[in-house]
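Residue numbers (our numbering), protein chains in the order written: chain F, 22 to 393; chain H, 22 to 393; chain B, 22 to 393; chain D, 22 to 393.
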């Protein structure tokens with residue numbers, strides 16, 4: 022239980038380091054009968070691949086995924102699906118003083134203290150490449166959700182001070198700019214800002230938002246395993262995320278009950294909420310409105326500027342991190358937030374199937390539907 | 022796995038409804054040898070008890086805890102500790118139309134959809150009384166932390182627009198005002214504000230902050246079970262919490278790497294961070310600085326004002342919730358945030374003990390230390 | 022995770038010591054809508070109660086169960102069900118030298134070594150009374166199974182050398198004799214044998230068998246969580262069980278493939294197995310035949326005869342255990358085996374609901390069936 | 022949670038089908054600092070490899086293991102260890118009627134019913150090749166145990182009617198015969214018997230025994246997660262195992278308390294048991310004596326003889342399984358039993374570290390020992 026397994030029924034186990042042989046994930050609990058091929062997964066991986074814009078590292082990786090198990094005649098069999106991505110960029114290199122000091126903002130110090138030493142090559146297990154396994158699993162989760170009529174979409178809401186207000190969202194533009202912002206014009210401004218940040222050898226943070234449409238009412242378990250609680254863990258577990266908000270999020274602190282409460286109304290003969298301050302969850306259970314969550318992502322820790330730090334021999338030194346680094350993590354993390362949301366939803370959707378005795382009886386007692 | 026069990030090694034199972042016979046918790050995984058009596062737990066429960074100020078419901082409950090198992094000769098035995106609090110206020114009453122309609126902001130609608138019906142008496146399992154089990158378990162977790170030199174403290178950072186800046190904290194004043202704010206003067210202003218909110222038949226939100234001092238470096242598991250990820254789940258699972266932040270939290274979005282990175286320095290011969298924007302965790306592992314987290318709490322959903330809603334027969338109606346309700350959840354939730362933080366830390370502290378082979382060897386191979 | 026929680030989706034947490042205040046269990050994951058009252062559970066508890074025959078201790082306990090949560094208007098609500106049985110026989114007594122020495126066959130030595138000390142009153146957590154929580158949970162599991170047309174029945178197959186061959190089973194006689202044997206004549210012989218064992222101040226072992234009829238095909242998860250593997254854990258976790266067999270069990274060692282393989286045939290248009298050497302499971306998944314398992318139970322450890330042992334100060338002594346003790350554990354453990362089987366089956370039945378995408382789609386996409 | 026993950030703290034996730042691309046395992050929770058290279062694991066895999074004697078299939082597989090992650094500079098890093106074995110024998114072949122009918126004794130029928138279809142190539146996930154992941158993980162677990170002075174040894178106790186009584190064990194002979202029996206003479210007789218079984222186109226069963234020496238007292242968690250309960254699950258989860266016994270096992274049914282109870286005595290100043298009917302566990306906790314367990318393995322299901330079965334179209338047919346099949350599973354399963362025992366022990370040894378507050382305090386409060 023050292024932290025590389027996520028989920029309860031739909032469970033993913035990720036493994037791999039930045040400069041090891043490969044990175045991968047095993048998905049246990051995927052139902053049988055889902056059509057799945059490598060290109061389904063590759064599409065997701067391509068969204069987090071480096072080298073897509075001038076704001077991402079130029080590491081030369083195609084990140085080709087290989088399915089090693091769990092598929093027969095083009096469909097999932099119900100057994101574990103093992104996915105593998107070989108690391109191509111593992112050539113021996115000079116890691117310089119990285120091995121002997123603790124980079125500010127990174128986990129060098131904490132890993133060394135916890136484990137006694139660390140794999141310092143490219144960050145090892147703490148590298149952003151760790152998210153390859155998450156994204157590959159998220160691709161499969163998204164396919165399951167699609168079969169159930171559920172659509173998860175993440176995008177960049179803010180880059181540094183450039184925040185897109187909800188009324189200016191143009192969802193169709195998300196895939197049209199390298200920053201995955203739902204507003205091309207603001208994306209252009211944000212790109213200029215990033216260029217200036219780069220010239221200052223600095224980095225900046227931002228906000229990723231994620232929405233799920235079509236989620237049935239009733240998803241999420243009361244008390245500890247609430248929909249929002251499980252999502253909070255899933256999203257906060259992504260490296261560099263420092264805050265998770267649901268619906269109005271931090272704004273709820275300065276709101277009033279008369280505003281924050283979403284009235285129930287009847288629309289087209291169905292119960293719906295008139296507004297959605299709650300972000301799609303009441304009492305930790307999906308309420309039929311869009312699920313809305315946001316993740317605040319801190320600035321990239323690796324910056325070219327000189328920084329103060331200490332060595333593992335407790336000497337204070339100045340550090341200047343070489344190489345090209347993304348000035349912002351947000352654009353490449355968008356698909357990671359989407360993936361983790363999808364994985365969490367699938368798990369909770371499966372967990373909900375045992376909530377009512379009458380449904381269970383219907384499931385097992387209607388024999389004619391259970392034929393092969 | 023329907024959501025009432027929390028933790029991996031130090032595991033708590035809570036149960037009970039607002040107007041059922043009793044509320045309780047079972048703690049499995051508490052080590053043997055901890056001195057424990059009912060008053061240790063009662064102190065924590067008294068902090069969340071109603072009727073302490075004019076801003077809390079006057080429900081007449083003393084919430085006396087009874088230890089049913091797991092203690093022998095004043096010490097924990099290593100077996101499960103079962104704690105029970107009888108509900109005193111369960112008299113049959115007229116729940117009026119509560120049973121037949123969905124209160125805005127509450128889980129009435131989602132519970133009914135998930136389970137087919139619901140225990141509508143006082144909110145049933147979704148009542149704030151559900152947190153009694155959390156707080157009782159948190160009391161035990163806090164005792165364990167104290168034995169390890171770790172101190173967890175939660176307090177009110179903001180009530181509606183009244184936010185205490187960090188430079189104005191007076192920690193010694195937290196227990197001196199009914200709002201548990203580390204600044205008596207601001208607490209007085211906030212109290213006035215709450216009085217006006219009450220006169221408007223409305224409610225408001227706020228922010229709870231929690232700090233842990235003395236946490237060893239190395240706590241938290243990489244990737245999914247990061248210290249901050251587990252805390253995010255723990256805190257977001259508390260009813261009415263809409264955002265969880267670690268360290269600088271949402272401010273990190275508009276920060277830069279050169280500011281946000283905390284430099285490592287040597288102080289008194291030890292590695293420490295010069296600043297603490299990270300909030301005590303790097304790569305999901307405690308870094309030796311204070312752990313800092315914040316929870317945004319939405320305004321109380323039950324307000325006396327008229328609200329629009331629908332009945333379970335899909336009729337639109339006006340609802341006016343009777344009875345006296347807290348205008349704000351924050352003060353009584355402070356101890357709940359502290360409790361959930363403590364429970365999470367104990368679990369992760371226990372999980373960390375297997376991180377290094379040399380420590381495991383030392384633990385098992387030094388026979389003379391293992392004597393009874 | 023110190024061992025008092027069982028199951029994955031249908032999860033039970035037991036607690037309590039022999040001479041503590043009470044014994045109990047919390048069931049998390051029971052679906053909503055199951056009619057349940059205290060007498061449903063009491064019936065099961067009465068089957069394990071002491072004082073029913075001359076072969077059981079005369080401890081004066083009525084073991085009345087109280088439901089503390091999870092029921093509303095006579096039905097389960099989907100929230101945790103907390104069950105409590107007060108210990109009546111907790112009067113202060115002289116435990117003599119029990120506290121200071123290690124009884125052979127008991128866990129006195131191992132508990133003391135593991136935890137540093139132990140609750141020696143009546144065996145503490147290792148007492149047979151620990152099974153009250155299991156049986157209470159098993160009562161609820163059995164009700165769920167009954168709703169699904171599944172019947173679990175345990176009975177005594179052997180008392181010492183008195184083994185009932187399968188061809189002599191008279192299932193209707195199980196409840197007609199105090200030993201729960203499906204053959205009254207053999208039960209009478211076994212009773213005589215037990216009387217002689219008692220007169221020798223000795224004890225003896227036996228075998229409990231359990232069958233489940235009506236189990237759907239497909240229950241059990243491949244590889245580690247096989248139907249038989251989960252049952253093996255469940256049954257072996259009952260104190261004093263030393264062997265678990267499925268179907269032909271140990272006889273399979275001396276069988277041949279041509280005999281041991283059960284042929285598939287068509288009967289009434291359905292696939293069935295012609296024989297059932299497998300005991301109802303193939304590849305760890307239920308195959309439609311009766312599930313058959315057996316538990317070997319060791320002789321009662323507490324015997325009146327003198328035995329050699331040592332004190333906690335490492336002195337060798339002679340021990341003579343006072344008081345009246347059951348000469349055999351088997352009859353009272355029959356209902357425990359039945360309960361653990363039922364609990365395990367419910368959990369695996371729930372886990373199976375996510376095995377196929379088409380079933381999940383049917384569950385969620387047929388909206389009209391999901392109405393309240 | 023569909024069954025391919027085992028363990029709680031030391032957790033293994035296996036994946037892969039007989040004729041898929043590869044077979045593998047991910048080990049999460051291995052402590053940092055264990056020296057590990059591929060040959061350490063290969064030695065274990067070679068013990069289960071086909072083609073070692075005339076009694077095993079001649080499938081041409083070298084089963085070379087590749088370590089993909091979790092190792093740096095020859096030592097484990099504390100992050101997941103991913104192990105991969107490519108399937109070499111995956112050439113397209115004629116599976117004849119295997120795809121369309123249900124082989125007796127195999128999981129063809131149950132898998133098809135559970136999942137709607139199945140990967141019929143060589144048994145898919147139900148193939149004996151599934152155990153490669155178990156054995157690879159067991160190799161690592163065994164290395165950890167060795168560091169703690171614990172030695173696990175499995176061997177063949179019986180082949181059909183050829184049972185070696187304990188007094189005739191010659192442990193040093195285990196590796197000297199292809200049947201892994203601790204008695205070369207009896208192994209020779211058993212080999213003759215197997216030859217005759219093969220000539221009859223039949224198969225036979227047997228018994229594997231496993232012992233662990235050097236286990237500290239105190240391993241195993243009370244109630245559900247007893248040492249013997251976890252082992253029972255681990256061993257019963259191995260395909261073809263039909264019974265699990267601890268210590269005297271099924272013989273305890275016909276024993277008496279005066280015989281079955283193991284007296285405690287003082288030897289060399291230490292508490293030990295004079296006999297070991299219990300098999301090394303009391304109350305589910307290791308007692309310092311050797312841990313002894315036995316697994317009954319059914320005869321190989323694939324036999325050349327004609328058998329009756331049905332097709333997936335519900336037609337009764339005669340089946341004759343072609344190709345060469347092992348006449349007995351036992352010799353190749355010996356290392357699997359050893360591996361699963363080792364994996365289970367490591368997990369419980371890690372879980373035990375939180376049993377006492379004083380040990381936890383010692384672990385965390387002695388700062389000088391925690392340096393890197």
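Where is the CB? At the ideal position from N, CA and C, for every residue including glycine.
Since the structure is predicted, the reported quantities are computational estimates derived from the model, not experimental observations.
Quiz item: In this structure, does DSSP put residue 206 of chain B in helix, strand or coil?
Solution: In the three-state reduction of the DSSP assignment, residue 206 of chain B falls in the helix class, which pools H, G and I.
Quiz item: Name the chain F residues whose beta carbon is nearer than 8 Å to that of residue 331 of chain H?
Solution: Ordered by position in chain F, the residues that pass the 8 Å Cβ test against residue 331 of chain H are 285, 286, 287, 292.
Exercise. Kindly indicate if chain B contains any beta-carbon less than 9 Å away from that of residue 237 of chain F.
Key: In terms of beta-carbon proximity, residue 237 of chain F lines the interface with chain B, with at least one pair separated by less than 9 Å.
Quiz prompt | Status (buried if at least 16 other CB within 10 Å, exposed otherwise) for residue 186 of chain B | solution = Sixteen is the threshold: since fewer than 16 other Cβ atoms of the shown chains lie within 10 Å of the Cβ of residue 186 of chain B, the residue is exposed.
Quiz prompt | Segment limits, beta strand (DSSP E) that includes residue 178 of chain F | solution = 172-180 is the span of the beta strand (DSSP E), which, as asked, contains residue 178 of chain F.
Self-check item: Proximal residues of chain D, C-beta to C-beta of residue 117 of chain F below 8 Å
Solution: Those do not exist, as residue 117 of chain F stays about 17 Å from chain D at its closest Cβ, beyond 8 Å.
Practice problem: Please decide whether residue 373 of chain D counts as near chain B, where near means a Cβ-Cβ distance under 9 Å. | Solution: Yes, its Cβ sits closer than 9 Å to a Cβ of chain B.
Practice problem: Would you check if the region 364-374 of chain B and the region 153-166 of chain B touch, i.e. whether three or more CB-CB distances between them fall below 8 Å? | Solution: Yes: the two stretches touch, three or more of their Cβ pairs being nearer than 8 Å.
Quiz prompt | Below-9 Å beta-carbon distance, residue 366 of chain B vs any chain F residue | solution = Not an interface residue.
Quiz item: Are there 16 or more other CB atoms within 10 angstroms of the CB of residue 64 of chain B, so buried, or fewer, so exposed?
Solution: Exposed, by the Cβ-count rule.
Practice problem: Would you identify the three-state DSSP class for residue 263 of chain D, choosing helix, strand or coil? | Solution: Strand at residue 263 of chain D.
Quiz item: What three-state label does DSSP hand residue 355 of chain H in the structure shown?
Solution: Correct three-state label for residue 355 of chain H: helix.
Quiz item: Given a threshold of 16 other Cβ atoms within 10 Å of its Cβ, counted over all protein chains shown, does residue 310 of chain F qualify as buried or as exposed?
Solution: Looking at its Cβ environment, which holds 16 or more other Cβ atoms inside 10 Å, residue 310 of chain F is buried.
Quiz item: Would the region 286-305 of chain F and the region 192-210 of chain H be scored as touching if the rule is three or more Cβ pairs under 8 Å?
Solution: Verdict: no, contact absent.
Quiz item: Looking at the structure shown, is residue 106 of chain F part of a helix, part of a strand, or coil, going by DSSP?
Solution: Three-state result, residue 106 of chain F: strand.
Exercise. Kindly give me the distance between the Cβ atoms of residue 260 of chain F and residue 95 of chain H, rounded to whole angstroms, as I take these residues to be in contact under 8 Å.
Key: In this structure residue 260 of chain F does not touch residue 95 of chain H by the C-beta definition: roughly 45 Å separates them, more than the 8 Å allowed.
Exercise. May I ask you to list the residues that DSSP assigns as paired with residue 377 of chain B?
Key: According to DSSP, which records beta bridges pairwise, residue 377 of chain B is partnered with F:53.
Practice problem: For residue 181 of chain H, count neighbouring Cβ atoms within 10 angstroms of its own Cβ and tell me buried if that reaches 16, exposed if not. | Solution: Buried is the call here.
Quiz item: Can you tell me whether DSSP reads residue 64 of chain H as helix, strand or coil?
Solution: Residue 64 of chain H falls in the helix class under three-state DSSP.
Exercise. Could you tell me whether any Cβ in chain F is nearer than 9 Å to the Cβ of residue 395 of chain D?
Key: Since the displayed chain D opens at 22 and closes at 393, residue 395 of chain D lies outside it and no answer follows.
Self-check item: Near-chain H residues of the region 24-44 of chain B - C-beta to any C-beta below 9 Å
Solution: Of all residues in the region 24-44 of chain B, 24, 25, 26, 28, 29, 30, 31, 32, 34, 35, 36, 37, 38, 41, 42, 43, 44 have a Cβ within less than 9 Å of some Cβ in chain H.
Quiz item: Which residues does DSSP pair with residue 87 of chain H in a beta bridge?
Solution: Residue pairing from DSSP places residue 87 of chain H in a beta bridge opposite H:105.
Self-check item: Distance CB(residue 292 of chain B)-CB(residue 201 of chain D) smaller than 9 Å
Solution: No, they are not a contact pair.
Practice problem: Going by DSSP, name the residue or residues bridged to residue 328 of chain F. | Solution: Bridge partners of residue 328 of chain F: F:340.
Exercise. Taking 8 Å as the threshold, find out whether the region 124-134 of chain B comes into contact with the region 309-329 of chain B through three or more Cβ pairs.
Key: Judged by Cβ distances under 8 Å, the region 124-134 of chain B makes contact with the region 309-329 of chain B, as three or more pairs qualify.
Practice problem: May I have the straight-line CA-CA distance separating residue 225 of chain H from residue 371 of chain F, to the nearest angstrom? | Solution: One C-alpha to the other measures close to 36 Å.
Quiz item: Between the Cα of residue 109 of chain H and the Cα atoms of H:44, H:170, H:147, H:140, which residue gives the shortest distance?
Solution: Relative to residue 109 of chain H, the option among H:44, H:170, H:147, H:140 whose CA is nearest is H:44.
Exercise. State the Cα-Cα distance for the pair residue 349 of chain H and residue 317 of chain H, rounded to the nearest angstrom.
Key: Taking C-alpha positions only, residue 349 of chain H is separated from residue 317 of chain H by approximately 12 Å.
Quiz prompt | Between the CA atoms of residue 102 of chain F and residue 36 of chain D - distance to the nearest angstrom | solution = Roughly 7 Å between the two C-alpha positions.
Quiz prompt | Contact with chain H by residue 385 of chain D, beta-carbon distance below 9 Å | solution = Yes, residue 385 of chain D counts as interfacial toward chain H.
Quiz prompt | Residues of the region 78-109 of chain B whose Cβ lies closer than 8 Å to any Cβ of chain F, in chain order | solution = When C-beta distances to chain F are compared with 8 Å, the residues of the region 78-109 of chain B below that value are 97, 99, 100, in chain order.
Exercise. Report the three-state DSSP secondary structure of residue 38 of chain F (helix, strand or coil).
Key: In the three-state reduction of the DSSP assignment, residue 38 of chain F falls in the coil class, being assigned neither a helical nor a strand state.
Exercise. Under 7 Å Cβ to Cβ from residue 389 of chain H, same chain only, skipping five residues before and after it: list those, please.
Key: Low local confidence applies: a pLDDT of 48 at residue 389 of chain H is under 50, so the model's placement there is unreliable, with the coordinate-based value given in what follows. So no residue of the chain qualifies.
Practice problem: Pull out every residue of the region 222-235 of chain F whose Cβ sits closer than 7 Å to any Cβ of chain H, in chain order. | Solution: Within the region 222-235 of chain F, the residues whose Cβ lies closer than 7 Å to some Cβ of chain H are 223, 224, 225, 226, 227, 228, listed in chain order.
Quiz item: Taking Cβ positions only, does residue 376 of chain D come closer than 9 Å to chain H?
Solution: Residue 376 of chain D counts as touching chain H.
Quiz item: Which of the three DSSP states, helix, strand or coil, is assigned to residue 132 of chain H?
Solution: Residue state, collapsed to three classes: helix.
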